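Novice: Before I ask anything, let me first share the structure, which is written out below as structure tokens.
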Amino acid sequence: MKVSIVTIGDEILIGQIVDTNSAWMAQQLNLAGAKVVKIITTSDGHDEIIQGIQQAQEVADVVLITGGLGPTKDDITKKAIADLLGNEMVFSQITYDRISGLLKKWGIQQTEGHKAQCFMPSSALLLENKMGTAPGMWFDLPEQVIVSMPGVPYEMKYLMEHEVIPRLVKRFNVYPIIHRTILTSGIGESVLADKISSIEDALPGFIKLAYLPGLAQVRLRLSARAENGEDVQKAIDEEAAKIVEMLSEFVYGYENQTLQEVVLECCRAKGLKLSTAESCTGGYVSHLLTTIPGSSDAFEGGVVSYSNALKMNLLNVNPETLEQHGAVSEETVIEMAKGARESLGTDIAVSISGIAGPGGGTPEKPVGTVWICVSNENHIFTRKLELTKDRVKNIQYSANIALTAIWRFILKHY
């Protein structure tokens with residue numbers, strides 16, 4: 001099953017928003033066994049929409065369209081599809097009743113735009129959208145399927161998961177693709193590839209290995225089409241086990257696990273309480289930890305000590321340490337971590353101080369210099385980073401390295 005995706009919206013073409021819909025749809029379609037062969041973004045114009053759909057039709061069995069189904073005058077996707085397929089626009093009483101009920105429930109005055117939403121191309125099979133007012137539309141052509149969905153991400157995702165993908169799998173009888181993703185941190189992509197080169201070279205022909213680098217992390221994804229069901233799953237699991245054995249000290253999890261999840265799980269398993277002391281990351285490590293439900297079981301809290309005064313007053317960093325070595329130094333982050341442990345009453349603490357950029361660097365300490373410390377009462381780990389990314393990426397990279405450091409510190413000392 002070959003799929004083309006068409007996203008509609010001038011706001012995408014002028015860079016006002018990023019098209020995240022296509023990336024998510026492509027991932028889900030891949031898991032379902034489909035092959036995405038083209039992604040097109042077109043403007044809100046009637047003729048441009050038709051041209052975009054026609055280009056998508058040339059190479060695909062399925063054309064998935066997002067955007068242009070709202071209540072405003074520039075939402076003309078339905079009319080463009082109707083004209084393309086030679087349909088009349090007909091009034092949908094079911095849609096009208098549903099929209100009227102929702103607007104009444106929400107206390108919103110009905111407008112002419114809402115009424116316009118109730119006119120549909122005559123050959124459309126309507127797909128119920130429980131997340132919003134605009135239904136999806138399914139067009140069953142002799143040798144092709146066209147589906148139109150709202151551009152609002154959570155509405156599109158609902159329709160994809162509950163209506164579109166189940167219908168496509170049934171219509172085209174596709175085999176799903178099985179994935180096994182191994183999550184690594186603390187090792188670069190090139191070194192990692194060299195370590196597992198013998199395993200990669202010996203992979204069965206039907207299994208593919210992809211390297212997916214991120215900020216201080218690399219995901220290894222094994223994939224195969226599940227034509228033989230359990231045999232394929234077994235083969236992928238066996239190859240994944242070989243890779244994990246080879247990379248054991250760098251593997252922190254599988255599939256969609258995050259480093260912060262793993263850190264918190266390690267803390268809970270060992271009965272540890274964790275705290276943070278952050279300067280250049282501005283609380284980003286604490287933010288990542290608190291995105292996990294139940295993080296309070298292990299994470300006590302943190303101190304954002306951006307100024308030297310707060311480093312001294314809240315974390316008891318010695319003024320002489322700051323005077324002699326500066327805020328961005330090994331000596332300072334050691335005292336920051338100790339201060340966090342003692343002030344917040346935790347077993348371990350992580351501290352970060354650095355120069356995220358774009359300004360603030362010196363010849364001795366250029367932009368991108370970051371020091372990290374993880375410590376408990378008996379052990380201290382420090383690491384110096386020399387980053388070359390922009391400010392936001394430097395902050396994110398530093399936070400991921402800090403989480404990796406906590407994880408490996410716990411494995412080593414507990």
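Under my numbering, the first residue of the sequence shown is numbered 1, with each subsequent residue one higher. Ideal Cβ positions, reconstructed from N, Cα and C, are used throughout, including at glycine. Computed from a prediction, not measured in an experiment: that's the story for all the values here.
Ignoring anything shorter than 4 residues, give me the alpha helix (DSSP H) runs that lie fully in the stretch 84-120, in order along the chain.
Specialist: 93-106, 112-116
Novice: Secondary structure at Cys280, three-state DSSP: helix, strand or coil?
Specialist: DSSP, read as helix, strand or coil, puts Cys280 in coil.
Novice: Across the stretch 190-197 and the stretch 370-377, are there enough close Cβ pairs to call them in contact, namely three or more that are closer than 8 Å?
Specialist: no
Novice: With distances taken between CB atoms, is the gap from Ala405 to Leu288 smaller than 8 Å?
Specialist: no
Novice: According to DSSP, simplified to helix, strand and coil, what is Phe206?
Specialist: DSSP, reduced to helix, strand and coil, places Phe206 outside both helices and strands of the structure shown, so it counts as coil.
Novice: Given Ser248, which residues of its chain have a CB within under 6 Å of its CB, disregarding the five upstream and five downstream residues?
Specialist: none
Novice: Is it a yes or a no for the stretch 225-235 touching the stretch 202-209, going by three-plus beta-carbon pairs under 8 Å?
Specialist: yes
Novice: List in chain order: all unbroken alpha helix (DSSP H) runs of 4+ residues lying wholly within the stretch 267-322.
Specialist: Listed in chain order, they are 284-290, 308-315.
Novice: Touching or not, the stretch 269-276 and the stretch 333-345, by the rule of three or more beta carbon pairs under 8 Å?
Specialist: yes
Novice: Got a sec? Which residues, its chain only, sit under 6 Å from Lys242 by beta carbon, not counting five neighbours each side?
Specialist: Ile199
Novice: Skipping 5 residues on each side, what residues in its chain have a beta carbon closer than 7 Å to that of Ser123?
Specialist: Correct list, in chain order: Leu85, Asn87, Phe139.
Novice: Output needed for Ala82: all residues of its chain with C-beta closer than 6 Å, excluding positions within five of it in sequence on either side, in chain order.
Specialist: Met89, Pro121
Novice: Taking 8 Å as the cut-off, decide whether the C-beta atoms of Gly359 and Thr369 are in contact.
Specialist: no
Novice: Taking the beta carbon of Trp407 as the centre, do at least 16 other beta carbons fall within 10 Å, making it buried, or is it exposed?
Specialist: buried
Novice: Please report how far the alpha carbon of Pro176 lies from the alpha carbon of Pro166, in whole angstroms.
Specialist: Cα atoms of Pro176 and Pro166: separation of roughly 12 Å, rounded to the nearest angstrom.
Novice: Anyone know if the C-beta pair for Leu31 and His179 falls short of 8 Å?
Specialist: Result yes, Cβ atoms of Leu31 and His179 sit closer than 8 Å.
Novice: Can you tell me the Cβ-Cβ gap for Ala216 and Tyr397, rounded? I've got them flagged as a contact below 8 Å.
Specialist: 5 Å
Novice: What is the residue span of the beta strand (DSSP E) that Met1 lies within?
Specialist: It is not in any beta strand (DSSP E) - Met1 carries neither H nor E in the DSSP assignment.
Novice: If contacts are defined as beta-carbon pairs under 8 Å, then Gly186 and Ile8 qualify, I think. What distance do you get, rounded to the angstrom?
Specialist: Not quite, the Cβ-Cβ distance comes to about 43 Å (not below 8 Å), so this is no contact.
Novice: Could I get the ranges of all uninterrupted alpha helix (DSSP H) runs contained in the stretch 23-83, with 4 residues as the minimum, in chain order?
Specialist: 46-57
Novice: Please report the distance separating the alpha-carbon of Thr20 from that of Lys365.
Specialist: 37 Å
Novice: I believe Val304 touches Gly339 by the beta-carbon criterion, under 8 Å. Please report the beta-carbon distance rounded to the nearest angstrom.
Specialist: The beta-carbon separation of Val304 and Gly339, rounded to 13 Å, does not stay under the 8 Å limit for a contact.
Novice: Report all residues from its chain with a CB closer than 7 Å to the CB of Ile292; omit the five preceding and five following residues, and keep chain order.
Specialist: Gln260, Glu261, Leu264
Novice: I need the straight-line Cα distance from Gly415 to Arg98, nearest angstrom please.
Specialist: Residue 415 is absent from the structure shown; the chain starts at 1 and stops at 414.
Novice: Give, in chain order, every unbroken run of the beta strand (DSSP E) that is at least 3 residues long and sits entirely within the stretch 147-192.
Specialist: 177-185
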